[in-house]
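Asks: Below: one structure in structure tokens.
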Amino acid sequence: MKSLSQQLIAIWRALGLNQRITIGVAAAAVLAGMIALVAWSHRPQMQLLYGRLSDKDVSEITSLLTEQSIQYQLGTGGTSIYVPSDQVAKIRMDLASKGVPEGDGVGFEIFDRTNFGISDFVQRTNYTRALQGELARTISQLHGVRSARVMIVLPENRLLFSDAKTKPTASVFVDAGDGALSQEGVNSIRFLVANSVEGLQVDDVAVIDSGGNVLTENMRDDGAFGAASSQMKLKKNVEDYLSTKVQTMLDKVLGPGNAVVRVSAELESDATTKTQETYDPDGQVLRTETTTEDTTSTTESDNGSGSSGAATVGASSNVPANGNGSTELGKTGGKSSEQSRKDHTDNYEINKTTVNAVRSPGSITGVSAAVFIASKSDPRKPEELEALRQMVVNALGAKEDPANQATRTVTLQEVAFPGEAAVKPNVMDMALANSDLLRNVFAIIVACVVLGIFMGMLKRSKPDAIPIELLKPEPVNRAAPAPIISAEVLNDLIRQKPANVGAALRGWMANPNAVSKN
Numbered sequence: 017m018k019s020l021s022q023q024l025i026a027i028w029r030a031l032g033l034n035q036r037i038t039i040g041v042a043a044a045a046v047l048a049g050m051i052a053l054v055a056w057s058h059r060p061q062m063q064l065l066y067g068r069l070s071d072k073d074v075s076e077i078t079s080l081l082t083e084q085s086i087q088y089q090l091g092t093g094g095t096s097i098y099v100p101s102d103q104v105a106k107i108r109m110d111l112a113s114k115g116v117p118e119g120d121g122v123g124f125e126i127f128d129r130t131n132f133g134i135s136d137f138v139q140r141t142n143y144t145r146a147l148q149g150e151l152a153r154t155i156s157q158l159h160g161v162r163s164a165r166v167m168i169v170l171p172e173n174r175l176l177f178s179d180a181k182t183k184p185t186a187s188v189f190v191d192a193g194d195g196a197l198s199q200e201g202v203n204s205i206r207f208l209v210a211n212s213v214e215g216l217q218v219d220d221v222a223v224i225d226s227g228g229n230v231l232t233e234n235m236r237d238d239g240a241f242g243a244a245s246s247q248m249k250l251k252k253n254v255e256d257y258l259s260t261k262v263q264t265m266l267d268k269v270l271g272p273g274n275a276v277v278r279v280s281a282e283l284e285s286d287a288t289t290k291t292q293e294t295y296d297p298d299g300q301v302l303r304t305e306t307t308t309e310d311t312t313s314t315t316e317s318d319n320g321s322g323s324s325g326a327a328t329v330g331a332s333s334n335v336p337a338n339g340n341g342s343t344e345l346g347k348t349g350g351k352s353s354e355q356s357r358k359d360h361t362d363n364y365e366i367n368k369t370t371v372n373a374v375r376s377p378g379s380i381t382g383v384s385a386a387v388f389i390a391s392k393s394d395p396r397k398p399e400e401l402e403a404l405r406q407m408v409v410n411a412l413g414a415k416e417d418p419a420n421q422a423t424r425t426v427t428l429q430e431v432a433f434p435g436e437a438a439v440k441p442n443v444m445d446m447a448l449a450n451s452d453l454l455r456n457v458f459a460i461i462v463a464c465v466v467l468g469i470f471m472g473m474l475k476r477s478k479p480d481a482i483p484i485e486l487l488k489p490e491p492v493n494r495a496a497p498a499p500i501i502s503a504e505v506l507n508d509l510i511r512q513k514p515a516n517v518g519a520a521l522r523g524w525m526a527n528p529n530a531v532s533k534n
């Protein structure tokens with residue numbers, strides 16, 4: 017160690033003023049860079065604690081963090097708070113125990129405090145406030161919504177009088193920032209509010225954004241528009257289902273990304289009822305059988321005067337006559353007749369079949385499809401393409417007549433797919449995900465660069481040239497003996513200026529003629 021320090025001191029003494037200044041500046045820069053690198057590497061890694069906070073919540077959270085001497089940073093325009101990553105969970109639990117953050121508005125926690133003697137009006141007002149606050153908090157959690165406010169108007173409940181025309185309404189104010197809410201997002205807000213308030217209809221919910229645009233202006237249920245919209249949604253769902261059905265099958269056969277499928281479905285849009293009656297004359301069935309029998313009797317008698325008349329109906333006709341001219345039974349002559357009639361009637365019921373068929377809208381009446389498959393280096397044969405097309409036809413349930421080309425509703429074609437551009441990875445996301453590793457790698461790279469610069473500066477610094485006359489022999493006469501430099505003198509020169517001596521020796525070895533001439 018002592019010899020090493022002596023060598024370093026000797027080297028330092030052998031350097032010139034400019035060389036010493038250069039090495040000193042380089043050493044100071046390296047030391048400062050290492051100190052800054054160590055300080056930066058030991059800086060705590062910050063992580064998001066809460067985002068999209070209101071001004072009130074930001075003020076409360078920062079006050080609590082300051083009291084606990086916890087380092088924090090504000091971001092996203094002062095609505096987000098970042099804290100050291102190793103303390104995020106603990107800080108969130110501490111803040112939750114204190115009820116922070118509360119969010120925009122007042123929720124149902126307003127009923128946590130017991131208030132005796134409040135009026136019914138105040139109670140209903142508090143309920144409305146709580147409902148509005150809870151809905152605003154829920155809507156604020158939707159993707160693309162920064163903040164929201166909900167205003168609900170509930171009709172007053174009266175005991176003796178109620179206006180049937182009065183109904184609840186609601187309006188929602190949303191702040192979507194620089195973006196815009198989609199139609200699905202607006203509908204989700206409408207249905208969320210309508211299903212949270214008793215008696216509130218979806219059409220009575222208005223949604224307004226921060227730009228003053230009424231997002232629900234063209235979304236009211238119209239008879240024709242609503243039916244058309246429902247039909248289009250149903251058509252889209254059916255076509256997506258059939259396309260996915262065929263696409264998954266072709267992906268298994270041809271490989272993912274080697275087929276493109278588009279399906280068009282024709283749906284029944286009207287509800288129809290069909291009644292059909294069928295009569296079979298050969299299928300008679302005896303329904304009723306009626307038999308009627310009628311019998312009639314007639315008797316004629318002679319009274320002795322030569323005239324004939326009908327017998328008197330009654331008891332006197334059967335009683336013998338007395339001495340005053342009446343006849344006795346058995347002593348008079350006559351004739352009688354009897355008529356009998358019989359009717360038989362058979363009623364037959366004809367066999368009848370009645371069919372009532374109700375056809376609801378939405379049934380599939382026709383399907384067509386267009387399929388493109390990626391071509392190979394060896395083109396497929398027509399038989400292979402037809403086999404694939406037939407597979408698609410069977411999967412869709414399409415009806416085709418093999419003998420009639422006009423009934424073909426599925427077309428399949430082999431084309432060359434253009435190469436898709438590779439998706440470039442998001443550099444920022446990768447850097448944030450591997451921030452710790454990148455920080456250590458960056459520190460090593462900076463250290464290596466600084467060390468390389470320092471070594472390069474040392475190589476570029478050249479030692480002072482040794483005066484040649486110190487090592488040259490004195491000019492003497494030929495007859496006088498040449499002075500000889502002793503080994504002790506050389507050793508002293510080497511110890512004092514080893515770099516100069518080495519440079520002089522390398523120069524002499526490179527140009528020996530100059531030494532011999534001297």
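Its first residue numbered 17, the sequence shown is counted upward by one per residue in our numbering. Glycine is no exception: its CB is placed at the ideal position from the N, C-alpha and C atoms. Being a predicted model, the structure only gives us computed values, none of them experimental.
What number of angstroms, rounded off, separates the C-alpha of Val262 from the C-alpha of Ala373?
Replies: Cα-Cα distance, rounded: 32 Å.
Asks: Quick one: Cα of Asn367 to Cα of Thr361, how far?
Replies: Annotation: Asn367 to Thr361 spans about 20 Å, alpha carbon to alpha carbon.
Asks: Less than 8 Å between the CB atoms is what I'm expecting for Met62 and Pro100, so what's the real figure, rounded?
Replies: 6 Å
Asks: Assuming Leu216 and Pro184 form a contact by the criterion Cβ under 8 Å, report the distance between their Cβ atoms to the nearest whole angstrom.
Replies: 5 Å
Asks: Does DSSP classify Gly339 as helix, strand or coil?
Replies: Only weak support is given to the placement of Gly339: the predicted model assigns it a pLDDT of 46, under 50, and the question is left unresolved by the model.
Asks: Using a threshold of 8 Å, state whether the C-beta atoms of Ile107 and Leu147 are closer than that.
Replies: no
Asks: Taking one C-beta from the region 207-224 and one from the region 153-171 each time, how about it: are there three or more such pairs within less than 8 Å?
Replies: Touching, per the Cβ criterion.
Asks: With DSSP as the reference, label Arg206 as helix, strand or coil.
Replies: helix
Asks: DSSP on Pro489, reduced to helix/strand/coil?
Replies: Confidence in Pro489 is poor, its pLDDT being 47 and thus under 50, which makes the residue's placement too unreliable to answer from.
Asks: In whole angstroms, give me the CA-to-CA distance for Val169 and Ala186.
Replies: One C-alpha to the other measures close to 6 Å.
Asks: Just the Cα atoms here: how many angstroms apart are Gly93 and Ile37?
Replies: 48 Å
Asks: Counting only the same chain and skipping the five closest in sequence on each side, list residues whose C-beta sits under 6 Å from that of Lys358.
Replies: Glu309
Asks: Can you tell me the Cα-Cα spacing of Phe124 and Leu151, whole angstroms?
Replies: 11 Å
Asks: Less than 7 Å between C-beta atoms, sequence neighbours within five positions excluded: which residues of the same chain meet that for Ala386?
Replies: Arg278 and Thr427
Asks: When burial is assigned at 16 or more other CB atoms within 10 Å of the CB, is Ile77 buried or exposed?
Replies: By the 10 Å Cβ count, Ile77 comes out buried.
Asks: Cα separation between Glu416 and Leu404?
Replies: 15 Å
Asks: Measure the C-alpha to C-alpha separation of Lys72 and Tyr88 and round it to an integer number of angstroms.
Replies: If you take the alpha carbons of Lys72 and Tyr88, they lie about 17 Å apart.
Asks: What did DSSP end up calling Gly91 once you bin it into helix, strand or coil?
Replies: strand
Asks: Taking just the CA atoms, how far does Gly195 sit from Val276?
Replies: 32 Å
Asks: Could you pull the start and end residues of the alpha helix (DSSP H) that Pro398 belongs to?
Replies: Pro398 to Leu412
Asks: What whole-angstrom Cβ distance do Val221 and Leu231 have, given they're in contact under 8 Å?
Replies: That pair is no contact at about 11 Å.
Asks: What residue range is occupied by the uninterrupted alpha helix (DSSP H) comprising Thr78?
Replies: Asp71 to Glu83
Asks: Since Ala281 contacts Ile389 with CB under 8 Å, what's their CB separation in whole angstroms?
Replies: The pair is not a contact, with the Cβ atoms about 21 Å apart (cut-off 8 Å).
Asks: Residues in its own chain within less than 7 Å of Gly299 by CB, not counting five upstream and five downstream?
Replies: Asn367
Asks: In angstroms with no decimal places, state the Cα-to-Cα distance between Pro60 and Ala459.
Replies: 16 Å
Asks: Note down, in chain order, each residue of its chain lying with its Cβ closer than 8 Å to the Cβ of Ala287, except the 5 sequence neighbours on either side.
Replies: Val374, Arg375, Ser376 and Pro377
Asks: I need the boundaries of the beta strand (DSSP E) containing Asp225, first residue and last residue.
Replies: Val221 to Asp225
Asks: Mind checking Tyr98: buried by the 16 CB within 10 Å criterion, or exposed?
Replies: For Tyr98, the number of other beta carbons within 10 angstroms of its own is at least 16, and it is reported as buried.
Asks: Quick test of your reading: Asp136 and Arg162, contact by CB under 8 Å. State the CB separation rounded to the nearest angstrom.
Replies: With 8 Å as the limit, Asp136 and Arg162 do not qualify as a contact, their Cβ atoms being about 36 Å apart.
Asks: With a Cβ-Cβ cutoff of 8 Å, do Leu53 and Val465 count as a contact?
Replies: no
Asks: Out of Thr95, Leu80, Phe132 and Arg129, state which residue places its alpha-carbon closest to the alpha-carbon of Ser11.
Replies: In the structure displayed, the chain extends from 17 to 534; residue 11 sits before or after that span and is not available.
Asks: With which residues is Glu430 paired in a DSSP beta bridge?
Replies: Ile389
Asks: Does Pro297 pass the burial test, meaning 16 or more other C-beta atoms within 10 Å, or should it be called exposed?
Replies: Around the Cβ of Pro297, a 10 Å sphere holds fewer than 16 other Cβ atoms; the residue is exposed.
Asks: Could you spell out the range, first to last residue, of the alpha helix (DSSP H) harbouring Glu150?
Replies: Annotation: the continuous alpha helix (DSSP H) that includes Glu150 extends over Asp136 to Ser156.
Asks: Who are the Cβ neighbours of Lys290 in its own chain at under 6 Å, not counting the five residues just before and after it?
Replies: Ala373
Asks: Can you tell me where the alpha helix (DSSP H) holding Val535 begins and where it ends?
Replies: There is no way to answer for residue 535, as the model of the chain reaches only from 17 to 534.
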